[in-house]
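Below is one structure; the comments refer to it alone.
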Amino acid sequence: MRYLAQRFVHSALLLFAVSIFSFAILQLAPGDFFTPISLNPQISAHTVASLRSQYGLDKPLPVRYEHWLRSVLRGDFGISFAYGTPVAPLLAVRARNTLLLTGTSLLLAWLLAIPFGIWSAAHRGKWSDRAGGIVTSSLLTVPDLVLFLALLLLAVRTGWFPTGGMMSAGFDDLSVAGKVKDLAIHLLLPALGLVLATLPPLVRHVRSAMIEVLEAPFVRAARAHGIPESRVLLRYALPVAANPLITLFGYSIAAMLSASLLVEMVLSWPGVGPLLVDAILAKDVYVVVGAVMLSSLFLVAGNLVADALLFATDPRIRTD
Amino acid sequence: MNPGPRSNSSQLEPLLRVSGLGKQYVRRRPFSRANIAVDAFHDVSLTVFPGRTLAVVGESGAGKSSLARCIALLERPTTGTIELAGTNLAALSRKALFSMRREVQLIFQDPSSALNPRLTAGEIIAEPLVIQGEGTNSQRRARALQLMEQVGLDPAWERKRPLELSGGQRQRLAIARALALGPHLLILDEALSNLDAANQTLILKLLTELQAAHALSFLHISHDLRLVSEFADEVAVMYEGRIVESKSTRNLFASPEHSYTRELLASVRSVESILFERSA
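Protein chains in written order, with my numbering: chain L, 1 to 320; chain Y, 1001 to 1280.
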């Protein structure tokens, strides 16, 4: 249990550090949300100054940070200058959309990576394994942006898929089944993009982890006892190969989240990504910090899940 | 070196008879249709008698481990035959081969990677019994505990995992697992090489005791002539994929024929003389 508690404290400290860091970095960028307004000759310098003081932007950074931290602890993430609304509900909707997209893609990617990886490890060196290797390495060399743009092009040219958004115009009038179907159609392309972007390294890791275990003497011993090959793969090799893969699961969440920012931008999925980019361009400080915190929270939570899984599956960690 | 009476093996039926065995690995040359063929070993003939030890000695890369894998039926040899107690293994059906596997067991060099890290000591010993579908759960457990005692492991460690055991204890566990199915032939693939000197002596002693108790035959594969000379009845010297010399341990030490054998012996003697000079 100490292991998990340690991990938890570690994660909390990490989030704290991220908040300081993102606050400080934003401060380094020249100007603030009201800089464009102050350039407008029709608005007096006095008005701009009073706006700045109203939102507390005239105070020094540590004071603002302290103020922000206090309100976060109360559950208030500040106000968006651009939308004029509190940040928390704004983020909540976007977070839900991002989670839907990344969660679906993560599930799909692993559901594909594990059988593919095991299969190519079992067929190592055969033409099927080589063909798989060529496909995964070609996918690896394609930059994510190109991949997503190609998917967008596909949607535009064929008209088979919606080119953006997450629901059709008449969504509210649809039945429950119709709503699910509509959502699934909108989800398909961004999820496909994310899966294609993250799948190749996962397949390769599953494959190499399996190969390493399959060559271990204890597997050879089991083979010398006459164990059937399917049982070697699933009962002997997979559980032992699982450890590095569970750690990789944590990393795959990170990869998924960073790729999701891009896919959301290109394929107009209304997640945290587009919100964050708009907020950065507009210097909408609290939205940026909130969105960064949210992404870090997802990441940390993903790693915590991986740690908990490792704890649950590996007797060696438990005995520490 | 072993005493005389055991070297009289000519009247016995051999347990293992390997004749003309060869293994070739073929690899496709990259960007070409041509194949590269590598002979791991070539035209190897060996005989192991019941209750005896044959050592195969050679430098690394001589093809010893490939030979071990072929005899343990982990790989199919390219040429030649392997006869175990008079049965030609290549001619066996899948099913017959499956039950034949209980006759030959392997013990590996590195005991830590030879044991499934996720299983407990008790489960590891019972594993071959599970695979071969032998006995009930409680029978298998009883057998595992009995074997732990036989190899000098405390049965109270039944629930320990390999990582909680020392190197010597792990090798004992691997030996217990190898004995679970009651084999007649144990292949020791550098089984002592990873152990420290004290453990080498202890495991060697254990193996000798087990050999006497269960009438086991050993095929001991090693690069260390000094180590195998302690308990091998016969030694086959392997050099560049061939057996260059094969005779009783005593004869080999007395009259080595092949130049490589002489080199091996010279290195053993020089180690011994260094040790002798130091102790003097």
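Cβ atoms here follow ideal geometry from the backbone N, Cα and C, with glycine treated the same way.
Since the model is a prediction, treat every value here as computed from it, not as a measurement.
- Annotation: Cβ neighbours of residue 236 of chain L in chain Y (cutoff 8 Å, chain order): 1116.
- In this structure residue 207 of chain L is buried. Its beta-carbon is surrounded by 16 or more other beta-carbon atoms within 10 angstroms.
- Within the region 98 to 127 of chain L, no residue has a Cβ lying closer than 8 Å to any Cβ of chain Y.
- Secondary structure note for residue 1043 of chain Y: its beta strand (DSSP E) is the uninterrupted segment 1035 to 1048.
- The count of Cβ pairs closer than 8 Å, one atom from the region 1169 to 1185 of chain Y and one from the region 1091 to 1109 of chain Y, reaches three, so the stretches are in contact.
- Residue state for residue 1083 of chain Y is assigned as strand, using DSSP reduced to three classes.
- Distance between residue 1157 of chain Y and residue 1195 of chain Y, taken at the CA atoms: about 21 Å.
- The three-state secondary structure of residue 1018 of chain Y, taken from DSSP, is strand.
- Within the region 214 to 239 of chain L, contact with chain Y at the beta-carbon level (separation under 7 Å) is assigned to 216, 217, 218, 220, 221, 222, 223, 224, 225, 226, 227, 236 and 239.
- Residue-level contact by beta carbon holds for residue 1105 of chain Y and chain L, with a gap shorter than 8 Å.
- Using a Cβ distance threshold of 8 Å, residue 124 of chain L and residue 211 of chain L count as a contacting pair.
- Per DSSP, reduced to three states, the secondary structure at residue 1230 of chain Y is coil, with no helix or strand assignment.
- Put simply, of L/229, L/189, L/298 and L/70 the residue whose alpha carbon is nearest the alpha carbon of residue 155 of chain L is L/189.
- For residue 105 of chain L, the uninterrupted alpha helix (DSSP H) run begins and ends at 87 to 122, by DSSP.
- Here residue 1116 of chain Y is buried: its Cβ has 16 or more other Cβ atoms, across all protein chains shown, within 10 Å.
- In the structure shown, residue 1161 of chain Y adopts coil according to DSSP, grouped into three states.
- Residues of chain L with a Cβ closer than 9 Å to the Cβ of residue 1113 of chain Y are, in chain order, 216, 217 and 218.
- As computed with DSSP, residue 1088 of chain Y is found in a beta bridge with Y/1083.
- The criterion of a C-beta distance shorter than 8 Å is satisfied by residue 95 of chain L and residue 272 of chain L.
- Taken through DSSP and simplified to helix, strand or coil, residue 283 of chain L comes out as coil.
- Exclusion of the five residues before and after residue 132 of chain L leaves 120 as the residues of its chain whose Cβ lies within less than 6 Å of its Cβ.
- Here residue 1024 of chain Y is bridged, per DSSP, to Y/1039.
- With a 10 Å radius around the Cβ and a threshold of 16 neighbouring Cβ atoms, residue 97 of chain L comes out buried.
- Taking a beta-carbon distance threshold of 8 Å, residue 1098 of chain Y counts as an interface residue toward chain L.
- Spatial neighbours of residue 4 of chain L in its own chain (CB-CB distance under 8 Å, excluding positions within 5 residues in sequence) are listed in chain order as 307, 308 and 311.
- Between residue 93 of chain L and residue 226 of chain L, the alpha-carbon positions lie close to 56 Å from each other.
- Within the same chain, 1121 come within 6 Å of residue 1160 of chain Y by CB-CB distance, once the 5 residues on both sides are set aside.
- In the structure shown, the three-state DSSP call for residue 79 of chain L is strand.
- Closest by C-alpha distance to residue 166 of chain L, out of L/175, L/179 and L/160, is L/179.
- The continuous beta strand (DSSP E) containing residue 1105 of chain Y extends over residues 1104 to 1107.
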